[in-house]
Amino acid sequence: MSLHDAFTTALLAPEPACPDGLFSSNGADPGSRFAVYRNNVHSSLIQALATAYPVTAQLVGDAFFRAMAGLYVQACPPDSPLISEYGGTLASFIEGFEPAASVPYLADIARLERLRVRAYHAADTEPLDSQAVIGQLQGRTDLGQLRLQLHPSVSTLTSPYAVVAVWAAHQAEGAIASLNPWHAQSALVLRQGLEVKVFAIDSGSVAFINSLQHGTGLQRAVAEALDASAEFDLHQCLSLLISHQAITHLHIEHKVSP
Amino acid sequence: MMTLSSLQTVSLAQVPGLPPRVGLGLKNEHFIEVLETSPDIGFFEVHAENYMVAGGPFHHYLGLIRERYPLSLHGVGLSIGGEGPLNREHLARLAKLIERYQPHSFSEHLAWSSHGPVFLNDLLPLAYDVATLNRVCEHVDHVQSALKRPMLLENPSTYLQFQRSTLDETDFISEIIRRTGCGLLLDVNNAYVSCINHQRDPQAYIDALPLQAVGEIHLAGFAEDTDSLGDRLLIDDHGAPIDNAVWQLYKQVLARTGPVATLIERDHQVPAFNRLMAEAQQAQWHLSQVTP
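If you read the protein sequences in the order shown, they are chains A and B.
First residue of the first sequence: 8, per this note's numbering; consecutive thereafter.
First residue of the second sequence: 1094, per this note's numbering; consecutive thereafter.
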C-alpha cells in the first residue's frame, strides 16, 4: 500500500483513522492533526452538494442532508477535479437511502436540481430570433421534414410527483402549506440568456422535446408526442420553446440513402 | 512522460507576468458589482476548475472582467504531488482556458489531491524525500511543457509531518525551482500556518526560500484550533481577515523581494466586496512602501 493509498483510505473512512508514518513536531497525537484533512475533504464535498442541491436539502433539513451527503461522499467520492459535476449520482443514492424513504419525491427533486446545474453551465449557443423562427415555420410547405435544434441547456424530467410545484414552492417564502406533491408532473429545464428556468410541461411535450433532441423531424416528433399524450398541443409547446429562445437551428431533414 | 533531461530543451514562452499590485480572488457573488463599479484593483485571480464548464454565466462574466483587468489563473485540481502521472485531460482543459483568457500567470500547489480514480478536493501534504522531489519536478516540467509557459508553485499549509521526509520543505521547494525553472507563489499565510503548526520560525522559513523566484504573493486568513496537546493548530481556511502576524511577515517579505503582485484570498464567509477592497488597500499601502 502506497502512502497515498493509505491517506485516501483513511480520509474516506467512516470513522476517524490515521495513516502510519506521520508525526507532529510537538509530539501531539498525529490523529488529532490528520483530522483536519479528513474534515476538509468531508466538509468541502458536503458543502459542494449542499450548494448544488438547495431544495433537496431544505426538504429534509440541513442536519439530515449533511449526514446523508457525508455517507454519499464516502460511498461515491468525486472522480474528477471538476466539482461542479460532483453529485451526478446523488439522486440514485437517495432512492436507495432508507432513512429518506418518507420523502418519496426527494430523489426527483435532486434530479431536477442536477438538470438546473447542467443548464447553468451548458454550452453557449446563439438562439434564433423568435420572429425568424415563427416566419420560417409559417412560410414552409415541407414543415414535417424540418428539424429543430434545441439549446444545449434544454432537458426534461418526468416524475410521478409534482416536482416542479415542490421545487417552485421552495423558491419563495411561505405558500408551501397548500402544496399537493402527489400527482405526476414533468419538467422542462433551460437557460435563457444567463438565467436557468423551470417549467411544468405535459408528457406529450416531454416526448416532443426528447424527439427533437434525437434529431427527429417535426412530423415524427409530433406523432411521438401524440402517442405519449393525445392532448399534446403543438402550438403551445412550440410557443414555450420559441418564447424562451430554446431553438438554435432550423434545417431540413436529409433522408439517408440505404 | 517528460524526463528531467528534457528540461533544458523546453522553451517557455514569455508571458507578461502579473503587475506588482494587489489583486482579489474573483467570487461569482461579486461579478456584477465588479462590472458596475470597476474597482481600482491590480488584477483578479480565479480558480481554474470553476471555469472548466462549457458556457453560461461564469464564462460570460469572466470574459467581461478579463477585458478590463489582468488575470491570474490559479489551479486547485492538478495534483502535482500525485503518485501517478498527471491527468492529461485536465492539462488539456487548462491549456484551453489559458488559450481563451490569456492569463498573466498560471499557478498551482505543492500538494496532491487525486489518487487513482478519486479526487479528494483538498490540498494534501507530501513527504519530502528524493523520490517525491524527482516526481514533482517531472510533473512541473510536464505542466510547463503542456502549457508552454512557466508556472508558479505555491508553498503549502500543512498540519502533519512525515517520518519519511529527509529534506526541509524550503530545500525541497528551492530544488524544484532550481531544476524546473518554475516560479514561487509565496503564500505568506501558508508559511505562517505551517511554521506555527511545526514549531518553526516563520522568518527563518521565509529566509530559506529562493525569494528571487517569487512571482506572486498570497495573503489570507486562518482559523484556529488545538491539537491533542492543546497546542495551537492553525487551519488555512481562507475564511477570515488576514491576521496581524501575517501582515508583519508580509512586510518583511516585501522588504526582501520589492513590490510583487499580491493576492487577497477569501473563499469562505465571503464578506461584502468593499470589505475585501479595504484589505486590498491595506496591502497596496504596504506595497507602496517598498522600492522596486
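All residues carry an ideal CB built from backbone N, CA and C; glycine is no exception.
query, result
"Assigned secondary structure, Ile1134/B (DSSP; H/G/I helix, E/B strand, else coil)", "coil"
"In chain order, each alpha helix (DSSP H) run of at least 4 residues that lies wholly inside the segment 135 to 205 of chain A", "137 to 146 and 170 to 176"
"As assigned by DSSP and simplified to three states, the class of Ser109/A", "coil"
"Status (buried if at least 16 other CB within 10 Å, exposed otherwise) for Asp136/A", "exposed"
"Residue closest to Gln1183/B, alpha-carbon to alpha-carbon, out of Phe1212/B, Val1383/B and Leu1219/B", "For the record, residue 1183/B in the displayed sequence is His; it is not Gln. The residue with the shortest Cα to Cα distance from His1183/B is Phe1212/B."
"Best match in Asp1215/B, Gly1177/B, Leu1190/B and Pro1364/B for proximity to Leu1155/B [C-alpha to C-alpha]", "Leu1190/B"
"Distance, Ala1365/B Cα to Ile1134/B Cα", "16 Å"
"Local conformation of Val1115/B per DSSP, three classes", "strand"
"Residue range of the beta strand (DSSP E) that includes Thr1319/B", "Ala1316 to Thr1319"
"CB contact below 8 Å: Ser162/A versus chain B", "no"
"Closer than 8 Å to chain B by CB, Ile53/A", "no"
"Between the CA atoms of Gly211/A and Asp240/A - distance to the nearest angstrom", "8 Å"
"Members of the segment 1241 to 1267 of chain B that neighbour chain A once the beta carbon cut-off is set at 8 Å", "Tyr1252, Leu1253, Gln1254, Phe1255, Gln1256 and Arg1257"
"Option nearest Phe100/A by Cα separation, candidates Ala232/A, Leu257/A, Ala82/A and Asn33/A", "Ala82/A"
"Rounded separation between Ala169/A and Gln192/A - CA only", "5 Å"
"Tyr60/A: contacting residues in chain B (beta-carbon distance under 7 Å)", "Near Tyr60/A there are no residues of chain B at all, since even the closest Cβ is about 16 Å away, more than 7 Å."
"Cβ contact check for the segment 1228 to 1244 of chain B and the segment 8 to 27 of chain A: 3 or more pairs under 8 Å", "no"
"8 Å CB neighbourhood of Val124/A in its chain, flanking five on each side removed", "Ala59 and Ser91"
"Chain A residues whose Cβ lies nearer than 9 Å to that of His1291/B", "Ser31, Ser32 and Asn33"
"Cβ distance (whole Å) where Leu1269/B is taken to contact Val1233/B below 8 Å", "One detail in the question is off: residue 1269/B reads as Ile in this sequence, not Leu. Right, their Cβ atoms sit about 6 Å apart."
"Per-residue contacts from Arg40/A into chain B (C-beta, under 7 Å)", "Tyr1252, Leu1253, Asp1320 and Leu1326"
"Met1094/B, buried or exposed, once every other Cβ within 10 Å from all chains shown has been counted against 16", "Caution is warranted here: a pLDDT of 42 is assigned to Met1094/B, below 50, making its placement in the model unreliable, and no coordinate value can be reported."
"Chain B contacts from the segment 102 to 128 of chain A (Cβ-Cβ distance under 7 Å)", "Tyr127 and His128"
"8 Å Cβ cutoff, Leu1213/B in contact with chain A", "yes"
"Val1229/B versus Ile1357/B, Ala1204/B, Leu1304/B and Leu1166/B, residue with shortest Cα-Cα distance", "Ala1204/B"
"Pro1112/B at chain A interface by Cβ criterion, 8 Å", "no"
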